[in-house]
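Student: Listed in order, the protein sequences are those of chains A and B.
Its first residue numbered 0, the first sequence is counted upward by one per residue in numbering that gives the first Met the number 0.
Its first residue numbered 0, the second sequence is counted upward by one per residue in numbering that gives the first Met the number 0.
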Amino acid sequence: MSVSSVAVSRKKSSRKSVPRLRLGLSHELCRLMYQKMLYSRILEERLIKIYRAGDGYFWIGGPGEEGFGVPLGLLVRKGQGVSYDYLHLHYRCTPTLVAMGMPMIDSIRLMMNRSTDPCTGGRNFSNHYCFPQWNVLPVTSPIEVQYVMALGTAHVQKRAQSPGITIVTGGDAGTAEGDFASCLVWSSRKGQELPILITVQNNRWGISTAYEGQHGEDCIADRARAFNIKASVIDGNDPIESYRVIKEMMEYVRQKGKPAFIEAFVSRLYGHSSASGANYVTNEECPVRRFEELLLRVGVIKEQECNQWRKEYEEEGFQAQQKVRQEPVPSGESIWNHIYADQQHPDWRRF
Amino acid sequence: MANMAQAIRMALHYAEENYQLHDVFGQDVGAPLGGVFTATQGIQCAWNSPLDERGIIGMAIGIGMAGKRCVAEIQFADYIFNTMDLLKLAGNMYWASHGQYSIPIVVMTPVGAGIRGSIYHSHSFDSWASRLPGWKIVLPSNPLDAYGLLLSSILDPNPVLFLPPKALMRVKGKELIPGEPEDEKELKAMIDAPIGDRTQWKPRWPRLKEYLIPLGKGRIVKEGNRVTLVTWGRYVGICEQVIDDLIASAMIDSTDVELIDLRSIYPYDWPLIKESVKKTRKVLFVNEDTEVTNFAEHLSYRVTKELFYELWAPPQVIAGRHVPGIGLHPNLEDASVPGADEIKKVIIALIQEVP
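Here is the structure:
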């Protein structure tokens with residue numbers, strides 16, 4: 000927990016009579032955030048187990064980003080269409096989807112490439128989510144393209160004077176790509192600003208390449224500031240600070256119709272992906288454990304409850320894997336489905 | 000008669016009035032210029048973007064994701080290459096999302112040589128585009144087709160690449176666009192911006208009518224029965240002239256060559272090609288994109304495979320040379336793209352070939 004957030008929150012708590020954690024958020028919200036963070040972590044660990052069991056071909060995900068991703072998901076104006084927030088996410092956003100209400104089994108269906116996978120029908124990697132009912136746009140493997148696609152949904156929302164905003168997330172390595180710069184340029188043009196919350200979850204890695212060797216700027220947020228974009232650098236492993244700053248930035252974007260930027264320092268607890276082993280790393284901070292220790296110390300949660308939740312979530316993941324094993328897989332013929340949105344057959348042999 | 004730039008302009012105006020088209024954008028697309036070819040002049044919903052092709056295509060995809068139509072322009076196809084990955088994603092979004100997000104956008108970018116455009120204003124993109132599954136790809140060869148194909152492209156629920164030939168933008172048509180005044184001076188006075196200060200200028204649009212050419216359908220430009228010549232875009236006019244010259248010089252008969260304008264290269268009109276080749280038993284494909292893995296090679300392969308026992312001569316492809324660019328000097332450009340003499344020779348050779 001950062002020193003600044005403690006001080007601010009103490010002032011607030013002295014003025015409020017409702018039960019509040021000393022650090023500024025209600026007990027109920029903190030319990031909810033913790034449960035979602037734990038659920039997300041156990042889900043990601045289940046996905047890794049599925050990979051190791053040979054039930055999935057590849058794993059990539061977001062263990063270590065729970066402290067930022069869960070508050071983000073809880074704060075989204077959730078729904079379908081221009082009036083709600085659009086989410087252009089990257090492939091470490093399981094915590095955000097969990098916070099929005101995604102059940103484990105849907106993530107597992109994606110991981111096990113079943114035809115029941117609601118995101119891609121068994122066509123794409125783990126964590127490549129797509130939920131139109133929540134404006135969660137298809138996650139892609141290129142690490143930068145979401146930053147330019149976000150311009151379009153934000154443009155449509157601006158014209159509609161929508162209460163919804165566009166949220167785009169990515170990693171620090173992806174900011175080297177031109178699309179990140181395009182997002183800053185297009186969203187900040189004077190008089191044509193776009194309602195976008197731009198985030199970078201900085202885990203200080205690009206696969207095996209360290210942040211230090213790739214960046215000359217003091218922090219990535221400085222690049223946003225150069226475009227007069229309101230920017231903040233936060234400890235993304237602190238869900239309370241994350242919640243407070245995301246909320247503030249979202250309100251700014253909604254009210255002003257202008258972009259805002261958050262750089263959140265997060266952990267990467269199982270490496271880049273299954274390609275690098277997906278083994279737990281011990282030299283990075285675990286945001287779930289840190290938050291758990293804090294809430295136990297303050298008395299917001301109890302050890303017994305944590306054990307019970309952990310048991311429930313692990314059981315849910317296990318049962319989901321067993322169930323999904325029995326579900327159908329895509330057929331080879333289905334490759335021709337959903338290429339064109341009209342009646343045109345896409346196979347030239349059928350022209 | 001309207002030229003192709005005017006035809007595109009009229010189609011865009013019709014669409015902004017009738018198809019809920021709210022965004023036509025790209026570099027220099029809005030006022031005061033209205034596009035380097037003036038194809039977006041006077042369009043109310045046209046706006047200027049930063050000089051950023053990836054931003055333009057990304058913006059278009061995002062607009063499509065929100066369920067809205069748009070026409071995004073890349074000023075010349077030569078500058079579209081750094082967006083290739085985004086084009087690929089636009090083409091696969093509906094597929095990758097298992098039918099949950101279609102991208103109903105049009106990307107318009109002028110293609111081909113013929114304007115002495117040197118290395119970076121002479122590129123073709125048709126064969127590259129044919130390797131973008133999920134897109135539909137159309138090339139108009141005349142103003143009326145540009146009008147009809149663009150309106151169909153805007154209405155299509157899929158991403159469509161609309162590729163007007165650069166060299167045809169100022170070329171007038173032979174048929175009126177529905178609603179176009181017969182006097183071309185009157186049209187010009189109505190929809191062409193004046194030279195100089197345009198701040199107070201507003202177009203007066205003719206009462207345009209809907210005219211839709213289905214995507215994936217070609218047309219027979221000229222009927223014949225001894226050789227089928229399939230082409231698209233700029234080479235429709237060039238091949239028509241070649242045939243007329245051969246007839247005029249009595250080197251072929253007026254019914255020797257059947258000329259097909261494919262109009263769409265994906266999806267493409269296989270029944271039209273097939274029926275023609277079954278009749279003529281000889282086929283020549285002509286286009287100006289580079290020759291190695293040229294789209295016409297796919298068509299030639301298909302003719303060979305499916306009509307092998309009907310053929311009286313090997314299918315022929317004439318395409319641009321496999322060189323890194325088109326040089327500025329006319330000698331360099333002429334040596335790089337199919338020339339009239341080369342097309343004439345192959346037509347005559349095909350006619351003379353005896354199985």
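All residues carry an ideal CB built from backbone N, CA and C; glycine is no exception.
As the structure is a prediction and not an experimental result, all values here were calculated from the model.
Taking C-beta pairs closer than 8 Å, name the residues in chain A that Asn286 of chain B reaches, listed in chain order.
Tutor: Correct list: empty, because the minimum Cβ distance to chain A is about 17 Å.
Student: Leaving out five residues before and five after Leu31 of chain A in sequence, what residues of the same chain have Cβ atoms less than 8 Å from its Cβ?
Tutor: Cβ within range, chain order: Leu73.
Student: Our contact map puts Ala318 of chain B next to Glu341 of chain B with C-beta atoms below 8 Å; I'd like the distance itself, whole angstroms only.
Tutor: Not confirmed; about 10 Å, so no contact.
Student: Are the beta-carbon atoms belonging to Leu261 of chain B and Gly217 of chain B less than 8 Å from one another?
Tutor: Yes, they are a contact pair.
Student: For the beta strand (DSSP E) holding Asp260 of chain B, just list the boundary residues, first then last.
Tutor: Note, Asp260 of chain B: beta strand (DSSP E), Val256 to Asp260.
Student: Can you find a C-beta in chain A that's less than 8 Å from the C-beta of Asn157 of chain B?
Tutor: Closer than 8 Å: yes.
Student: Measure how close the beta-carbons of Gly353 of chain A and Pro286 of chain A come, nearest whole angstrom, since I'm counting them as under 8 Å.
Tutor: Given a span of 0 to 350 for chain A in the structure shown, any question on residue 353 of chain A remains unanswerable.
Student: Taking Cβ-Cβ distances below 7 Å as the criterion, which residues of the stretch 295-325 of chain B are in contact with chain A?
Tutor: So nothing in the stretch comes that close.
Student: Applying a beta-carbon distance threshold of less than 9 Å, which residues of chain A neighbour Tyr93 of chain B?
Tutor: Neighbours of Tyr93 of chain B on chain A, chain order: His337, Ile338, Tyr339 and Ala340.
Student: Locate the beta strand (DSSP E) running through Ala45 of chain B, then write down its first and last residues.
Tutor: Ala45 to Asn47 is the extent of the beta strand (DSSP E) around Ala45 of chain B.
Student: Just curious, the beta strand (DSSP E) that Val241 of chain B is in, first and last residue?
Tutor: Not the beta strand (DSSP E): Val241 of chain B falls in the alpha helix (DSSP H), residues Arg233 to Ala247.
Student: So Cys118 of chain A is in the beta strand (DSSP E); what residue range does that whole segment cover?
Tutor: First-last for Cys118 of chain A: undefined, no H or E at that position.
Student: Short check: CB of Ile350 of chain B to CB of Val159 of chain B, under 8 Å?
Tutor: Their beta carbons are not under 8 Å apart, which means Ile350 of chain B does not touch Val159 of chain B by this criterion.
Student: Rounded to whole angstroms, how far is the Cβ of Leu59 of chain B from the Cβ of Val23 of chain B, which I believe are closer than 8 Å?
Tutor: Correcting the residue identity first, residue 59 of chain B is Ala in this sequence and not Leu. That pair is no contact at about 11 Å.
Student: Helix, strand or coil for Glu287 of chain B, going by three-state DSSP, please let me know.
Tutor: Glu287 of chain B: strand per DSSP, three-state reduction.
Student: Tell whether a beta-carbon distance below 8 Å holds between Met92 of chain B and Pro137 of chain A.
Tutor: For Met92 of chain B and Pro137 of chain A, yes; Cβs fall inside 8 Å.
Student: Quick one: grab the DSSP three-state call for Glu309 of chain B.
Tutor: Note: Glu309 of chain B maps to helix in three-state DSSP.
Student: Under 7 Å Cβ-Cβ, which residues of chain B neighbour Gly120 of chain A?
Tutor: Ordered by position in chain B, the residues that pass the 7 Å Cβ test against Gly120 of chain A are His97.
Student: When we look at the beta-carbon of Ile206 of chain A and count the other beta-carbons within 10 Å, is it buried (16 or more) or exposed?
Tutor: Ile206 of chain A should be labelled exposed.
Student: Excluding the five sequence neighbours on either side, which residues of its own chain have a C-beta within less than 8 Å of the C-beta of Val241 of chain B, listed in chain order?
Tutor: These residues qualify, in order along the chain: Ala339, Ile342, Lys343 and Ile346.
Student: Ignoring anything shorter than 3 residues or poking outside the stretch 59-133 of chain B, list the beta strand (DSSP E) runs there in chain order.
Tutor: Complete beta strand (DSSP E) runs here, min 3: 69-72 and 104-107.
Student: On the three-state DSSP scale, how would you describe Leu148 of chain B?
Tutor: If DSSP states are grouped into helix, strand and coil, Leu148 of chain B belongs with the helices.
Student: Looking at Pro329 of chain A: is its Cβ nearer than 8 Å to the Cβ of Gly120 of chain A?
Tutor: Contact: yes.
Student: Taking one C-beta from the stretch 128-147 of chain A and one from the stretch 102-116 of chain B each time, how about it: are there three or more such pairs within less than 8 Å?
Tutor: Contact fails: fewer than three Cβ-Cβ distances are below 8 Å.
Student: With a CB to CB cut of under 7 Å and the five nearest residues on each side skipped, what residues in its chain are close to Asp51 of chain B?
Tutor: Taken in chain order, the list of residues that qualify is empty.
Student: Per DSSP, which one or two residues make a beta bridge with Ile358 of chain B?
Tutor: This structure gives no information on residue 358 of chain B, because the portion of chain B shown stretches from 0 to 354.
Student: Output the boundary residues of the beta strand (DSSP E) element that contains Ile261 of chain A.
Tutor: Start and end: Ala259 to Phe264.
Student: Can a CB atom of chain A be found closer than 8 Å to the CB of Ala14 of chain B?
Tutor: No, no contact with chain A.
Student: Could you give the DSSP three-state label for Leu228 of chain B: helix, strand or coil?
Tutor: Leu228 of chain B falls in the strand class under three-state DSSP.
Student: Is there a C-beta anywhere in chain B that falls below 8 Å from the one on Trp133 of chain A?
Tutor: No - not a single Cβ of chain B is within 8 Å of the one on Trp133 of chain A.
Student: Rounding to the nearest angstrom, what Cα-Cα distance links Asp77 of chain B and Val35 of chain B in this structure?
Tutor: When rounded, the distance between both Cα atoms is 14 Å.
Student: Measuring straight from C-alpha to C-alpha, what distance separates Arg115 of chain B and Ala4 of chain B?
Tutor: Near 18 Å, if we compare the C-alpha coordinates of Ala4 of chain B and Arg115 of chain B.
Student: Checking 8 Å against the spacing of the C-beta atoms, do Leu271 of chain B and Gln315 of chain B come in under that value?
Tutor: Going by C-beta atoms, Leu271 of chain B is not nearer than 8 Å to Gln315 of chain B.
Student: If I follow the unbroken beta strand (DSSP E) through Asp234 of chain A, where does it start and stop?
Tutor: Lys229 to Asp234 is the extent of the beta strand (DSSP E) around Asp234 of chain A.
Student: At 8 Å on the CB atoms, spell out the chain B contacts of Phe354 of chain A, in chain order.
Tutor: Outside the modelled stretch of chain A, which goes from 0 to 350, sits residue 354 of chain A, for which no answer is possible.
Student: Roughly how many angstroms separate the alpha carbons of Gln254 of chain A and Tyr83 of chain A, rounded to a whole number?
Tutor: Roughly 14 Å between the two C-alpha positions.
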